[in-house]
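In mature numbering (1 follows the signal peptide of the UniProt record, and there is no 0), the protein residues as written are -33 to -1, 1 to 163.
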């Protein structure tokens, strides 16, 4: 009995692989490029803008803080104005709030502070000052900070001063006052003056 062994040459497999890979690359290289036409957009700057000017960064310190809601806290603040402690600052660069930290404490109520976590544009084109929503962390007392959004309505924006109305909403599970008072939201007016 004669046994014939068939051996395959590895060269045939290699040649087939080279043709399979090279053929699509060759077809792609020979294809004509699609004409995209003139798709450039024209950008224009405002007449009074200076694109090469470095944005001026201004720091504003809190000069007054007035609670307007809830009524119980706002009336307490009016009666005991000296017992309402406030502090904080806002850094404004080219109509963008880049840093901010605001805090207040009222006698009998835990302290609360808000720290900005995302820069926010406060004035759009042509001086619009519509309300904006600012993202940050709210800390009440010694609890862990939690993400919060503040509605901020600018009323004065100039080189010397800033004034805002702000509105917070608080979750029901976060005790805000030591005596059991848990407001669902509060509003305030805040004034800041520029550092010299």
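Every residue, glycine too, gets a C-beta built ideally from N, C-alpha and C.
Exercise for the section: Between the Cα of residue 110 and those of 77, 66, 28 and 68, spot the shortest distance and give me the residue it belongs to. Expected result: To locate residue 110, count along the chain shown from 1; it is residue 143. Of 77, 66, 28 and 68, the residue nearest in Cα terms is 77.
Exercise for the section: Drop a sphere of 10 angstroms on the beta-carbon of residue 121, count the other beta-carbons inside from all chains shown, and report buried for 16 or more, exposed for fewer. Expected result: Start at 1 with the first residue of the chain shown, and residue 121 comes out as number 154. Counting Cβ neighbours within 10 Å, residue 121 comes out buried, since at least 16 surround it.
Problem - Residue from 119, 127, 88 and 113 with nearest C-alpha to residue 137 - result: Walking along the chain shown from the start, residue 137 turns up at place 170. With distances taken between Cα atoms, residue 137 lies closest to 113.
Handout entry: Secondary structure of residue 110, DSSP reduced to three states
Key = Here residue 110 corresponds to residue number 143 of the chain shown, with the count starting at 1. Residue 110: coil per DSSP, three-state reduction.
Exercise for the section: Report yes if the C-beta distance between residue 87 and residue 101 is below 8 Å; otherwise report no. Expected result: Working through the chain shown from its first residue, we reach residue 87 at position 120. Working through the chain shown from its first residue, we reach residue 101 at position 134. Yes; because the gap between Cβ atoms is below 8 Å, this pair is in contact.
Practice task
If I'm right that residue 79 touches residue 107 with Cβ under 8 Å, what's the distance once you round it to whole angstroms?
Solution key: Within the chain shown, residue 79 is the residue found at index 112, counting from 1. Within the chain shown, residue 107 is the residue found at index 140, counting from 1. Right, their Cβ atoms sit about 5 Å apart.
Problem - Separation of residue 123 from residue 116, as counted between CA atoms - result: Here the question's residue 116 lines up with position 149 in the chain shown. Here the question's residue 123 lines up with position 156 in the chain shown. Taking the straight line joining both Cα atoms gives about 21 Å.
Problem - Proximity below 8 Å, CB of residue 169 to CB of residue 155 - result: Shown here, the chain extends from -33 to 163; a query on residue 169 therefore has no answer.
Problem - Three-state secondary structure assigned by DSSP to residue 20 - result: Translated into positions along the chain shown, residue 20 becomes position 53. It is coil, neither helix nor strand.
Handout entry: Contacts around residue 28, its chain only, beta-carbon distance under 7 Å, and the 5 residues preceding and following it disregarded
Key = Counting from 1 along the chain shown, the entry for residue 28 is found at position 61. Answer for residue 28: 56, 159, 160 and 162, listed in chain order.
Problem - Proximity of residue 152 and residue 131 at Cβ, strictly below 8 Å - result: As a first step, residue 152 must be located in the chain shown, where it is residue number 185. As a first step, residue 131 must be located in the chain shown, where it is residue number 164. Their beta carbons are not under 8 Å apart, which means residue 152 does not touch residue 131 by this criterion.
Handout entry: First and last residue of the uninterrupted beta strand (DSSP E) at residue 65
Key = Here residue 65 refers to the residue found at position 98 of the chain shown. Looking at the DSSP string, the run of the beta strand (DSSP E) that includes residue 65 is 63 to 73.
Handout entry: One or two residues paired with residue 25 in a DSSP bridge
Key = Here the question's residue 25 lines up with position 58 in the chain shown. For residue 25, which the question treats as bridged, DSSP gives the partners 59.
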